[in-house]
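Visitor: The sequence shown begins at 232 in the numbering used here and counts up by one.
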Amino acid sequence: MNKFIPARILIVDDMPDNIRLLTSILSRKGFELISAYSGQMALESLENVCPDLILLDVNMPGMSGYDLCEIIKQNKLTKDIPIIFISALHDSQNVVHGFALGGVDYITKPFQLEEVVA
């Protein structure tokens, strides 16, 4: 008998409303969710749990999403975790920068439900 193991997603965003919205969308799809409201909180979470995916806001006070991505990709224990950037910054320079840092996708805000779930 196969037992379904839900994917674990770490959501990193300094805006509680964004985390609530993403949590609402993704929890209905059966994902296990972890939230962090800053880059530092995300790093602390990564010490205890290894998510299957990270949804990462770019614009955060203190440590930006880009800075956090660089730290994650330099750590041998976390470097292979896929990172999807979610940002209101939609110019090509930011999108290209996100991919150059190792992001696997870049979703712009406001995002569509179908985009996030895909």
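No residue lacks a Cβ here, since even glycine has one placed at the ideal position from N, Cα and C.
How would you label Pro-237, buried or exposed, when you count the other beta carbons within 10 angstroms and need 16 or more for buried?
Guide: Exposed, since its Cβ has fewer than 16 Cβ neighbours within 10 Å.
Visitor: Confirm, please, whether the CB-CB distance from Leu-274 to Ile-302 is below 8 Å.
Guide: The answer is yes: Cβ separation under 8 Å.
Visitor: Using only the alpha-carbon positions, how far apart do Cys-281 and Thr-309 sit?
Guide: Each residue's Cα considered, the two are about 7 Å apart.
Visitor: Check whether the segment 251-265 and the segment 289-308 are in contact - that is, three or more C-beta pairs closer than 8 Å.
Guide: The segment 251-265 vs the segment 289-308: no contact.
Visitor: Let me confirm a value: Ser-318 is counted as buried when at least 16 other C-beta atoms fall within 10 Å, else exposed. Which label applies?
Guide: Ser-318 is buried by the Cβ-count criterion.
Visitor: Based on Cα-Cα distance, which residue from Leu-264, Leu-277, Ile-242 lies nearest to Lys-307?
Guide: The residue with the shortest Cα to Cα distance from Lys-307 is Leu-277.
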